[in-house]
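Input: a single structure, listed below in structure tokens.
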Amino acid sequence: MTSDNTTLDASAPRLEVDALLDDPHTRIVVCCGSGGVGKTTTAAALGVRAAERGRKVVVLTIDPARRLAQSMGISELDNVPRQVKGVDETSGGELHAMMLDMKRTFDEIVEGHADADRARAILENPFYQSLSAGFAGTQEYMAMEKLGQLRANDEWDLIIVDTPPSRSALDFLDAPKRLGSFLDGKFIRVLMAPAKVGGRAGMKFLNVGMSMMTGTLSKLMGGQLLRDVQTFVAAMDTMFGGFRTRADATYRLLQAPGTAFLVVAAPERDALREAAYFVERLAAEQMPLAGLVLNRVHGSGAAQLSAERALAAAEALTDRMAEDTHADPPAEAGSAPEAAAGPAADRTENNLETNGIVDLDGGKAGSRTAGGLSPAAAAEHVTPTSASAAQLAAGLLRLHAERMQVLARERRTRDRFTALHPEVPVTEVAALPGDVHDLAGLRAIGDRLALNPTDTDA
Numbered sequence: 022m023t024s025d026n027t028t029l030d031a032s033a034p035r036l037e038v039d040a041l042l043d044d045p046h047t048r049i050v051v052c053c054g055s056g057g058v059g060k061t062t063t064a065a066a067l068g069v070r071a072a073e074r075g076r077k078v079v080v081l082t083i084d085p086a087r088r089l090a091q092s093m094g095i096s097e098l099d100n101v102p103r104q105v106k107g108v109d110e111t112s113g114g115e116l117h118a119m120m121l122d123m124k125r126t127f128d129e130i131v132e133g134h135a136d137a138d139r140a141r142a143i144l145e146n147p148f149y150q151s152l153s154a155g156f157a158g159t160q161e162y163m164a165m166e167k168l169g170q171l172r173a174n175d176e177w178d179l180i181i182v183d184t185p186p187s188r189s190a191l192d193f194l195d196a197p198k199r200l201g202s203f204l205d206g207k208f209i210r211v212l213m214a215p216a217k218v219g220g221r222a223g224m225k226f227l228n229v230g231m232s233m234m235t236g237t238l239s240k241l242m243g244g245q246l247l248r249d250v251q252t253f254v255a256a257m258d259t260m261f262g263g264f265r266t267r268a269d270a271t272y273r274l275l276q277a278p279g280t281a282f283l284v285v286a287a288p289e290r291d292a293l294r295e296a297a298y299f300v301e302r303l304a305a306e307q308m309p310l311a312g313l314v315l316n317r318v319h320g321s322g323a324a325q326l327s328a329e330r331a332l333a334a335a336e337a338l339t340d341r342m343a344e345d346t347h348a349d350p351p352a353e354a355g356s357a358p359e360a361a362a363g364p365a366a367d368r369t370e371n372n373l374e375t376n377g378i379v380d381l382d383g384g385k386a387g388s389r390t391a392g393g394l395s396p397a398a399a400a401e402h403v404t405p406t407s408a409s410a411a412q413l414a415a416g417l418l419r420l421h422a423e424r425m426q427v428l429a430r431e432r433r434t435r436d437r438f439t440a441l442h443p444e445v446p447v448t449e450v451a452a453l454p455g456d457v458h459d460l461a462g463l464r465a466i467g468d469r470l471a472l473n474p475t476d477t478d479a
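So the sequence shown is numbered by the working numbering: it starts at 22 and just counts up by one.
Below is the structure:
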């Protein structure tokens, strides 16, 4: 029989969240995982807890749903860090929050690494506008760019990053290299050739040496788009090396000892399979993994009552009710129900009574029935029968059995992960009864993140 115990095995190391947040050497915490597992809420809860424990924190989210802004009481987040009000600052901490504006971040890179005329030419270029708004990998690349900017400013002693929602939790690791390679790759260098040679001579050189290639590109991309790309490349010429340099610097920053990755997952098979893959990828890339946050774990206040015992008790109650129903004696002739079918009953059925009219259907408190009580008044005198109490108990036992089966399934799923990765510290976050929509809810999540199972009997 499978145990319904939901506490972590003694062999699984415990993720000490408070120790991680309190360590002054921890400068960056990256929350990552598959979509829909609570990364944004976890990042925000960590930010609130760290700030109220004395750290100066900024939370960077890439979640476009704006749940972070709502839960922190901010009307809107943008590309500029905004201080969160309502956080307890008695320990000297502060909390700021921001949401990545992908295009604005790209614009800032251009404005910061080009003179005014060249920057204007780039920002107004149609190809650049498409690239900065939606090129594959741009969002992830800009998230890492913004992280690098925040870390370089050294204004906050802890940066918490909520990674982009994507089909793969690995995208943001690949994006800096992917976009950097694109902007500094052979294709771009080919398009840059006319600009480097100069004017019409350059175009003549390109047309003579690569007429077949440019003809193909014109057909694939369209003549105007090709010209826009070439103009963009010419304007960006001095910046291409910088993209690769910054991408490499950001990657090294993610590998630095002051960075800690937290993999967030739900206690579900697909989410933990992705988490296991991500743990292996982090190890391969030599990224510092702090541990796994197992989010929305279900619990029970009566875990000692197994699903099997609860179902057996419910079946026993159901059988007992069935036996009691069959044991009831049939009504005898001349019994009260049949006697009521006489003249007096006829008078009652016609709303007639010797001392007045009876309101049988209205159910008004002041009306009378043949029994002397109105329907409403009679309902007040009804007490639960043993059968209805047994029905209720059987239903509750079945609900408990379902909950214990969920707990057992979550435990088995979790144990498969810990068996594959026994070295990964884990913390479990008990599911809240409702959604998190304010600072109080974020504090509750933070308390659960740092809670040791031995601290509570729940």
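The beta-carbon is built from N, C-alpha and C at its ideal position, and this holds for glycine as well.
The structure presented is a predicted model; accordingly, all values stated were derived computationally and were not measured.
Item: Contained alpha helix (DSSP H) runs [length at least 4] in the segment 263–307, N- to C-terminal order; Value: 290–305
Item: Distance, Ile49 Cα to Pro416 Cα; Value: The identity of residue 416 in the sequence shown is Gly, whereas the question assumes Pro. About 49 Å.
Item: Contact the segment 70–81 vs the segment 169–188: 3+ CB pairs below 8 Å; Value: yes
Item: Burial state of Ser112 (16 or more Cβ within 10 Å); Value: exposed
Item: Ala361, DSSP secondary structure in three states; Value: The pLDDT assigned to Ala361 is 45, lower than 50, so where the model puts this residue is not dependable, and the model offers no usable value.
Item: Proximity winner among Gly279, Ile466, Val447, relative to Gly455 (alpha-carbon distances); Value: Ile466
Item: Among Glu449, Leu463, Asp459, nearest to Pro34 - alpha-carbon criterion; Value: Glu449
Item: Inter-residue spacing [alpha-carbon to alpha-carbon] between Ala324 and Ala429; Value: 10 Å
Item: Counterpart residues of Gln104 in DSSP-defined beta bridges; Value: His117
Item: Limits of the unbroken alpha helix (DSSP H) element including Ala70; Value: Before going further, note that residue 70 is Arg rather than Ala in the sequence given. Note, Arg70: alpha helix (DSSP H), 60–73.
Item: Segment limits, alpha helix (DSSP H) that includes Leu463; Value: 460–471
Item: As assigned by DSSP and simplified to three states, the class of Leu313; Value: strand
Item: C-alpha gap between Ala343 and Ala333, whole angstroms; Value: 15 Å
Item: DSSP beta-bridge partners of Glu449; Value: Leu315
Item: Cβ contact (3+ pairs, closer than 8 Å) linking the segment 305–324 and the segment 269–283; Value: yes
Item: Cβ-based neighbour list, Leu413, same chain, cut-off 7 Å, excluding 5 preceding and 5 following; Value: none
Item: Three or more C-beta pairs below 8 Å linking the segment 118–126 and the segment 144–163; Value: yes
Item: For Ile49, the first and last residue of its enclosing beta strand (DSSP E); Value: 49–53
Item: For Ser92 and Gln104, the rounded distance between their alpha carbons; Value: 13 Å
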